[in-house]
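A.B. asks:
Residue numbers (my numbering): 748 to 1153.
Below is the structure:
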C-alpha cells in the first residue's frame, strides 16, 4: 500500500476540523475562559502536562535525515534489517534499522516520495514520487537500474514472488513492468483515478479500486478484467484500502463512503450481509468524516479489522458476520496491521501513537509514543518485535515492541 493513505487521512481530518470550527463559532467560551484564568497556577499545570506528553519517547531509534513529513516506510522482507522511507522533501533513504545509518539515498526525485518498498527477495528497492517518476535501485551496489515516468501516481506495489511492479495512475491506467527489462503491460480502467490496488497471493490476479467506487479483478497474464463490481455492489466513493486473506480467496475493501465490503475473489460475489454499519450520508463532507482508512485480515482467527477516520477500529467476525468489538481512538486512525501469527492488531493514528489491540477481547494492550505529529505510515517486522513508523514530524522511528506473553 502506498504511503499516500496517510496523506489522505490528514487531509480529511482537516476537512473534519473545519466542520468542527464552524460548529464551535456558536459556542460562548468567555465564561469558561474567565474561570480558567482565575490563577496562573492552572496555566502552568496545563503547560507542564503538554510538555510532558511531547517528551515521552518510547522509541529505540529516531531517523532524522528527512526535512519534511515522512509519508511511507517499508522493511526489507528477507532480513527485516533495512528500512526505506520516502518524504515530502522529495527524498528517499535506505537505512539500517539497528543503528539508523544510511546505506544509500534514492536520488533524483522532484516531488514528494509517496511510495517506497523492497522487492520480495530484498534485492531491489523502488522509490516513486507524486509526479509519477518511478526509480528502481539494486540494493547490493546501490545503483539505479531502471526508471519510468507515468502520469500522477496513486499507488505502487511489488509482485509477491517476482521482480515485477504494479502501479495505479490518476488517469485510471494500471501499469505492470518486469524489472529491469522494463517489459510493460497496461490495464485500462474507467477514466478516473485508480486509487488502490492489491496483487493476490497467487501472483496471477490483482484487485484494483477506482475513484468512482468500482472494483476490477485483473488477470495479469491475459490482461483482461475477469469481473467488475460496481453500482449497488460497489462502493459509492473512492477506494482507500484493499486487503486479502492469506489464501487469496477473500478480499476486503474500504472506501471514503465509510463502507467496507467483503467479497469472494473467484466469483466477485459480495457478501451483502457484511456487518459494516451503513449510515445514510447527506453530503460529501459527512462521507469524508468517516472514511475507511485501512482494512486487514487476521491470519489465525476468522476476524477482519476496519479502521475509520473517526477513530474507530472495528473488529468483525466473518463467520457470524457481526461486529465483535469497537475500539475507540481519540483521533483518526491512519493505518492498521495484524500480527502474522496472532489476533493482535496494531494501529497508528493522527496523534502520533502506535496502539496494540487484542482483537479477541477488544482490549487495548499497549501504546507507543514518541512522535510529535501524526504517524502517516508504519510497518511491523515478521515476528512483530519491531515497528518502524513514518511521521509528520519529519522523523521515522524504530520501536521495540515488548509483549509480556512472549
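Backbone N, C-alpha and C define an ideal beta-carbon position, used for all residues, glycine too.
Every value quoted in this text rests on a predicted model; they were computed, and no experiment measured them.
When DSSP builds the beta bridges, which residues end up paired with residue 881?
C.D. replies: Position 134 of the chain shown, counting from 1, holds the residue named residue 881. The partner list for residue 881 (beta bridge, DSSP) reads 875, 895.
A.B. asks: Since residue 963 sits in a beta bridge, which residues does DSSP pair it with?
C.D. replies: Within the chain shown, numbered from 1, the residue matching residue 963 stands at position 216. For residue 963, which the question treats as bridged, DSSP gives the partners 955, 975.
A.B. asks: Can you check which of these residues, 984, 951, 948, is closest to residue 962 by C-alpha distance?
C.D. replies: Mapped onto the chain shown, residue 962 falls at position 215. The shortest Cα separation from residue 962 among 984, 951, 948 belongs to 984.
A.B. asks: Out of 964, 912, 1134, point me to the one whose CA is closest to residue 931's CA.
C.D. replies: Taking the chain shown and counting its residues from 1, one reaches residue 931 at position 184. Comparing Cα-Cα distances from residue 931 to each of 964, 912, 1134, the minimum goes to 912.
A.B. asks: Using C-beta distances below 7 Å, list every residue in its chain close to residue 1132, excluding the 5 sequence neighbours before and after it, in chain order.
C.D. replies: The sequence position of residue 1132 within the chain shown is 385, counting from 1. These residues qualify, in order along the chain: 1147, 1148.
A.B. asks: Look at the alpha carbon of residue 761 and the alpha carbon of residue 882, and state the distance between them as a whole number of angstroms.
C.D. replies: Walking along the chain shown from the start, residue 761 turns up at place 14. Walking along the chain shown from the start, residue 882 turns up at place 135. In this prediction, residue 761 has a pLDDT of 44, which is less than 50 and means its spatial position is unreliable; nothing more can be read from the coordinates.
A.B. asks: Cα separation between residue 887 and residue 827?
C.D. replies: Sequence index remark: in the chain shown, residue 887 carries index 140 (1-based). Sequence index remark: in the chain shown, residue 827 carries index 80 (1-based). Going by the C-alpha atoms only, they are around 15 Å apart.
A.B. asks: Comparing C-alpha positions only, which one of 942, 971, 821 sits nearest to residue 916?
C.D. replies: Walking along the chain shown from the start, residue 916 turns up at place 169. Answer by Cα proximity: 942.
A.B. asks: Can the beta-carbon of residue 817 be found closer than 7 Å to that of residue 830?
C.D. replies: By 1-based counting over the chain shown, the position of residue 817 is 70. By 1-based counting over the chain shown, the position of residue 830 is 83. No, Cβ-Cβ distance for residue 817 and residue 830 is not below 7 Å.
A.B. asks: Looking at C-alpha atoms only, which residue of 872, 1084, 889 is the closest neighbour of residue 909?
C.D. replies: As a first step, residue 909 must be located in the chain shown, where it is residue number 162. When only C-alpha atoms are compared, the closest one is 872.
A.B. asks: Taking residue 943 as part of the beta strand (DSSP E), name the residues at either end of that continuous run.
C.D. replies: Here residue 943 is taken as the residue at index 196 of the chain shown, counted from 1. First-last of the beta strand (DSSP E) with residue 943: 941 to 946.
A.B. asks: Is the CB-CB distance between residue 832 and residue 1143 below 7 Å?
C.D. replies: Along the chain shown, read from residue 1 onward, the residue named residue 832 stands at position 85. Along the chain shown, read from residue 1 onward, the residue named residue 1143 stands at position 396. Contact flag set, yes.
A.B. asks: Along the beta strand (DSSP E) that carries residue 1065, what are the first and last residues, could you check?
C.D. replies: Taking the chain shown and counting its residues from 1, one reaches residue 1065 at position 318. First-last for residue 1065: undefined, no H or E at that position.
A.B. asks: On the three-state DSSP scale, how would you describe residue 1077?
C.D. replies: Counting from 1 along the chain shown, the entry for residue 1077 is found at position 330. The answer is coil: DSSP assigns residue 1077 none of H, G, I, E or B.
A.B. asks: Are the beta-carbon atoms belonging to residue 978 and residue 988 less than 7 Å from one another?
C.D. replies: To locate residue 978, count along the chain shown from 1; it is residue 231. To locate residue 988, count along the chain shown from 1; it is residue 241. Cβ distance not < 7 Å, so residue 978 and residue 988 don't count as in contact.
A.B. asks: Apply the 10 Å Cβ neighbour rule to residue 854 and answer buried if 16 or more other Cβ atoms are within range, or exposed otherwise.
C.D. replies: The residue given as residue 854 occupies position 107 in the chain shown. By the neighbour-count rule (16 or more Cβ atoms within 10 Å), residue 854 is not buried but exposed.
A.B. asks: Is it buried or exposed, residue 1079, if we count other Cβ atoms within 10 angstroms and call 16 or more buried?
C.D. replies: Numbered from 1 along the chain shown, position 332 holds the residue referred to as residue 1079. Per the 10 Å Cβ criterion, buried.
A.B. asks: Short of 6 Å in beta carbon distance, which residues of its chain neighbour residue 807, apart from the five on each side in sequence? Order them along the chain.
C.D. replies: Position 60 of the chain shown, counting from 1, holds the residue named residue 807. Closer than 6 Å at Cβ, skipping near neighbours: 1145, 1147.
A.B. asks: Could you have a look at residue 802 and say whether DSSP puts it in helix, strand or coil?
C.D. replies: As a position in the chain shown, residue 802 is number 55, starting the count at 1. Here residue 802 sits in helix by DSSP.
A.B. asks: Report the rounded CA-to-CA distance for residue 896 versus residue 1107, giving the unit in angstroms.
C.D. replies: Stepping through the chain shown from its first residue, residue 896 is reached at position 149. Stepping through the chain shown from its first residue, residue 1107 is reached at position 360. Between residue 896 and residue 1107, the C-alpha separation is close to 45 Å.
A.B. asks: Our contact map puts residue 1004 next to residue 960 with C-beta atoms below 8 Å; I'd like the distance itself, whole angstroms only.
C.D. replies: Residue mapping note: residue 1004 aligns to position 257 of the chain shown, counting from 1. Residue mapping note: residue 960 aligns to position 213 of the chain shown, counting from 1. Indeed they touch by this definition, with Cβ atoms about 7 Å apart.
A.B. asks: Below 7 Å CB to CB, which residues in the same chain sit around residue 1120 once its five sequence neighbours on both sides are set aside?
C.D. replies: The residue labelled residue 1120 in the question sits at position 373 within the chain shown. So the list reads 1099, 1138, 1139, 1140, once near-sequence residues are dropped.
A.B. asks: Under the DSSP definition of a beta bridge, which residues are partnered with residue 921?
C.D. replies: Position 174 of the chain shown, counted from the first residue, corresponds to residue 921. The partner list for residue 921 (beta bridge, DSSP) reads 915, 934.
A.B. asks: Give every residue of the same chain whose Cβ lies closer than 7 Å to the Cβ of residue 837, excluding the five residues on either side of it in the sequence, and list them in chain order.
C.D. replies: Numbered from its first residue, the chain shown carries residue 837 at position 90. For residue 837, where only same-chain residues beyond five positions count, the Cβ hits under 7 Å are 856, 857, 858, 859, 860, 876.
A.B. asks: Do residue 973 and residue 967 have their beta-carbon atoms positioned less than 7 Å apart in this structure?
C.D. replies: Mapped onto the chain shown, residue 967 falls at position 220. Mapped onto the chain shown, residue 973 falls at position 226. Going by C-beta atoms, residue 967 is not nearer than 7 Å to residue 973.
A.B. asks: So, using beta-carbon positions, are residue 866 and residue 905 closer together than 7 Å?
C.D. replies: For the purposes of this step, residue 866 is taken as residue 119 along the chain shown, with counting starting at 1. For the purposes of this step, residue 905 is taken as residue 158 along the chain shown, with counting starting at 1. A contact, by the Cβ cut-off of 7 Å.
A.B. asks: How is residue 1048 classed by DSSP in three states: helix, strand or coil?
C.D. replies: Reading the chain shown from its first residue, position 301 is the one you call residue 1048. In this structure, residue 1048 counts as coil in the three-state DSSP scheme.
A.B. asks: When you compare each of 1071, 1068, 1042 to residue 1094 by their alpha carbons, which one comes out closest?
C.D. replies: Position 347 of the chain shown, counted from the first residue, corresponds to residue 1094. Of the candidates 1071, 1068, 1042, the one whose C-alpha sits nearest the C-alpha of residue 1094 is 1042.
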